[in-house]
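In what follows, a structure is listed as structure tokens, so that the remarks can point back to it.
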Amino acid sequence: MPCSKQRTIEKANDAALDLLLHRKSIEYRIRLLGYIRKAQAGHTGGSLSCVDILNVLYNCVLNVSPETADDPRRDRYIQSKGHSVEALYVVLADRGFFPESDLETLCRFRSPYVGHPTRKIRGIEHNTGALGHGLAFGAGAALAGKMDRLGYRVFVLLGDGELAEGSNWESMMTAAHYGLDNLTAIVDRNQLQITGRTEEVCALESLVDKFTAFGWSVREVDGHNVRALREVLCAVPFEVGRPSAVIAHTVKGKGVSFMEHDVKWHHGVPSDEEYQRAIEELRAQLEEAER
Amino acid sequence: MSGAAAMETAKANLDVFSETLLALARSNRNILVVTSDSRGSGRLVPFAKALPEQIIEVGIAEQNLVGIAAGLASAGKIVFAVSPGSFLTARSLEQIKNDVCYSDHPVKLVGISSGVSYGALGSTHHSLHDLAVLRAIPNCTVVVPADNFETAEAVKAAAEMTHPVFLRFGKRPMPPLHRPGTTFTVGKSLLVREGNDLAFIATGETVVQAAGACDLLAQEGISARLLSMHTVKPLDEEAVLQAAQECGAVITVEEHSCAGGLGEACAAVLMQAGVSVPFRIVGFPDEETVSGSQLDIMAYYGISPEGLAETARTLLNRKRL
């Protein structure tokens with residue numbers, strides 16, 4: 001159900017779609033926690049914070065599927081905050097890019113499902129993990145799309161802590177200079193990085209003003225409200241001739257009460273007891289959603 | 292070809308690079324140049340005038356340059372990322388490692404004014420680490436052409452390559468080293484001088500200096516072999532072993548630090564094969580480099596016909612012991 005320029009999502013189906021997406025997000029959270037626990041490795045907090053964004057992208061926005069993963073006209077998604085690959089893996093598996101059972105090998109010896117995205121996995125566009133790389137790559141892919149008039153769009157997910165890397169700002173300048181309105185940057189603005197609050201480590205605000213000053217068209221959104229995400233991500237480009245930035249306000253560790261807003265879950269792995277508590281909370285949310 | 296006649300036809304490899312690229316790009320609009328405010332120093336002004344739609348300027352932003360090049364290459368473009376060698380391979384090293392080599396996007400990384408081409412500008416502008424760092428990155432072919440012929444062939448080969456490649460060019464006119472009809476193959480060295488008393492294995496613009504040394508030595512009855520090892524990685528190991536076994540003494544020459552460059556690559560091949568012959572690495576020592584013209588700096592470190600001939604005599608004395 002891609003929201004290509006030709007397609008408008010039926011208003012009548014909005015509520016049903018929102019419920020479906022909301023449930024999917026909870027299921028994704030349950031699954032990714034399971035794989036992180038099994039692997040005894042992963043970036044738990046940041047994966048949980050970007051689940052809703054990935055959910056909406058892959059189920060409502062991106063014009064890409066396992067069958068079109070090599071099609072030159074496909075939309076591109078680049079996860080610059082490669083740390084949260086567990087969220088990407090479960091969403092890609094759910095969309096049929098690979099069997100979900102493959103994820104049993106996550107982070108195991110010689111498994112292709114390593115702790116950061118790699119192109120060995122169908123559906124993954126670029127190897128990331130080192131921060132500050134995705135936006136330049138995305139700008140290059142968007143530029144090629146413009147040159148070839150292929151009409152595809154490029155979406156890059158950035159971590160907020162990642163924005164301290166100067167390479168991002170180089171790429172922002174280039175994207176604006178070339179008027180790449182087929183490029184959208186989404187910032188997973190969960191306010192936390194490994195050491196603590198972004199505003200204490202290296203202040204980012206005002207982020208909207210920064211993107212705007214660099215020539216981007218910016219909108220803010222609740223990064224856990226699937227309808228708001230759907231509306232904003234289906235509305236790109238916000239302005240013809242400008243790249244779009246979406247500041248998605250999120251919660252690190254979203255969905256698990258004792259993980260939310262707590263930096264210890266940046267790459268914390270839950271113990272058996274913590275895992276059980278987390279799953280119980282998420283299952284309760286699922287039941288609530290079904291009522 | 293005589294020295295005077297040779298110099299008449301000599302051009303800077305950088306000029307040959309830009310001319311060859313322009314000729315290729317005229318017939319293939321998928322060929323793009325991405326540059327970081329370097330179209331002048333990269334001799335790309337004619338390219339920009341002729342094919343303005345095929346050159347992308349990113350400003351002085353080397354990390355961005357390489358990332359954008361990778362993104363363009365991922366969408367099927369044949370991308371030459373052109374920037375001064377020092378900045379391209381130091382400032383963007385992580386982008387080269389991850390966005391290009393690890394991700395296997397076939398970007399052609401072009402280090403211009405490499406080595407000590409910017410000699411008088413000081414160490415910030417000297418690129419004496421690039422071969423070492425790029426040798427250590429998997430999936431990166433490293434080609435350092437010696438003369439105009441090698442340059443043109445290397446550019447044509449790079450355009451066809453489906454994996455990452457680094458090309459390195461200097462600014463000084465280079466006399467021709469090869470006979471017409473010579474075949475250039477990435478990964479295979481070229482024999483510049485025949486000889487069996489000792490072997491020079493040189494790369495890039497130092498091949499010319501080593502050829503001068505061979506001529507001086509010939510006047511003394513010493514026959515020195517000279518290989519142009521234009522491809523530093525993958526190394527032509529067979530030619531290195533053959534040179535050591537047939538000549539009994541080897542001198543490597545490079546416009547690069549002695550640490551991690553051609554010399555250490557050749558030494559590793561010989562040691563691991565159990566071949567022990569008198570051996571010298573001529574390059575730049577692990578210290579702050581002097582400044583001056585490219586030729587003056589190279590001569591200071593023994594990379595001149597006279598300096599290399601003297602090293603050869605020393606080594607021959609050891610060989611005779």
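Those sequence lines, one after another, are chains L and P. Counting in the numbering used here, the first sequence runs from 1 upward without gaps. Counting in the numbering used here, the second sequence runs from 292 upward without gaps. Even for Gly, the Cβ is constructed at its ideal location relative to N, Cα and C.
Rounded C-alpha distance that separates residue i from residue j
i, j, result
"residue 44 of chain L", "residue 366 of chain P", "32 Å"
"residue 234 of chain L", "residue 219 of chain L", "12 Å"
"residue 47 of chain L", "residue 123 of chain L", "18 Å"
"residue 26 of chain L", "residue 255 of chain L", "8 Å"
"residue 513 of chain P", "residue 346 of chain P", "50 Å"
"residue 197 of chain L", "residue 80 of chain L", "20 Å"
"residue 533 of chain P", "residue 495 of chain P", "21 Å"
"residue 425 of chain P", "residue 131 of chain L", "21 Å"
"residue 446 of chain P", "residue 368 of chain P", "16 Å"
"residue 563 of chain P", "residue 536 of chain P", "14 Å"
"residue 163 of chain L", "residue 169 of chain L", "8 Å"
"residue 107 of chain L", "residue 266 of chain L", "17 Å"
"residue 457 of chain P", "residue 440 of chain P", "17 Å"
"residue 529 of chain P", "residue 361 of chain P", "33 Å"
"residue 435 of chain P", "residue 493 of chain P", "10 Å"
"residue 394 of chain P", "residue 380 of chain P", "17 Å"
"residue 650 of chain P", "residue 250 of chain L", "Nothing can be reported for residue 650 of chain P, as the shown portion of chain P is limited to 292 through 612."
"residue 5 of chain L", "residue 521 of chain P", "Since pLDDT at residue 5 of chain L reaches only 45, below the 50 mark, its modelled position is unreliable, and the value read off the structure follows with that caveat. C-alpha separation (whole angstroms): 51 Å."
"residue 201 of chain L", "residue 193 of chain L", "8 Å"
"residue 83 of chain L", "residue 113 of chain L", "13 Å"
"residue 598 of chain P", "residue 115 of chain L", "52 Å"
"residue 277 of chain L", "residue 258 of chain L", "9 Å"
Helix, strand or coil at residue i [DSSP, three-state]
i, result
"residue 524 of chain P", "strand"
"residue 416 of chain P", "helix"
"residue 426 of chain P", "helix"
"residue 551 of chain P", "coil"
"residue 287 of chain L", "helix"
"residue 217 of chain L", "strand"
"residue 82 of chain L", "helix"
"residue 193 of chain L", "strand"
"residue 124 of chain L", "coil"
"residue 473 of chain P", "coil"
"residue 130 of chain L", "coil"
"residue 115 of chain L", "coil"
"residue 506 of chain P", "helix"
"residue 530 of chain P", "helix"
"residue 316 of chain P", "helix"
"residue 348 of chain P", "strand"
"residue 178 of chain L", "coil"
"residue 77 of chain L", "strand"
"residue 311 of chain P", "helix"
"residue 570 of chain P", "strand"
"residue 92 of chain L", "helix"
"residue 337 of chain P", "helix"
"residue 6 of chain L", "Caution applies to residue 6 of chain L, whose pLDDT of 41 falls short of 50 and renders its modelled position unreliable; the value that the coordinates give is listed next. Residue 6 of chain L: coil per DSSP, three-state reduction."
"residue 32 of chain L", "helix"
Unbroken beta strand (DSSP E) run spanning residue i, endpoints
i, result
"residue 543 of chain P", "541-548"
"residue 249 of chain L", "244-249"
"residue 491 of chain P", "489-493"
"residue 481 of chain P", "481-484"
"residue 157 of chain L", "154-159"
Beta-carbon separation (whole angstroms), residue i vs residue j, contact threshold 8 Å
i, j, result
"residue 342 of chain P", "residue 349 of chain P", "Their Cβ separation, rounded to whole angstroms, is 17 Å, which puts residue 342 of chain P and residue 349 of chain P out of contact at 8 Å."
"residue 465 of chain P", "residue 506 of chain P", "That belief does not hold up - the Cβ atoms of residue 465 of chain P and residue 506 of chain P are roughly 16 Å apart, past 8 Å."
"residue 143 of chain L", "residue 156 of chain L", "Going by Cβ atoms, the distance from residue 143 of chain L to residue 156 of chain L rounds to 13 Å, so no, they are not a contact pair."
"residue 538 of chain P", "residue 489 of chain P", "5 Å"
"residue 594 of chain P", "residue 500 of chain P", "5 Å"
"residue 421 of chain P", "residue 472 of chain P", "About 32 Å separates the two Cβ atoms, so there is no contact after all."
"residue 150 of chain L", "residue 73 of chain L", "5 Å"
Nearest to residue i (by Cα), restricted to the options the options
i, options, result
"residue 139 of chain L", "L:123, L:184, L:101", "L:184"
"residue 374 of chain P", "P:558, P:448, P:550, P:334", "P:334"
"residue 433 of chain P", "P:553, P:608, P:329", "P:553"
"residue 444 of chain P", "P:607, P:422, P:304, P:503", "P:304"
"residue 400 of chain P", "P:517, P:408, P:353", "P:353"
"residue 67 of chain L", "L:15, L:40, L:96", "L:96"
"residue 78 of chain L", "L:53, L:94, L:166, L:41", "L:53"
"residue 272 of chain L", "L:28, L:29, L:36", "L:36"
"residue 64 of chain L", "L:278, L:153, L:287", "L:153"
"residue 523 of chain P", "P:480, P:320, P:414", "P:480"
N- and C-terminal bounds of the alpha helix (DSSP H) containing residue i
i, result
"residue 199 of chain L", "198-201"
"residue 596 of chain P", "596-611"
"residue 359 of chain P", "353-365"
"residue 442 of chain P", "439-451"
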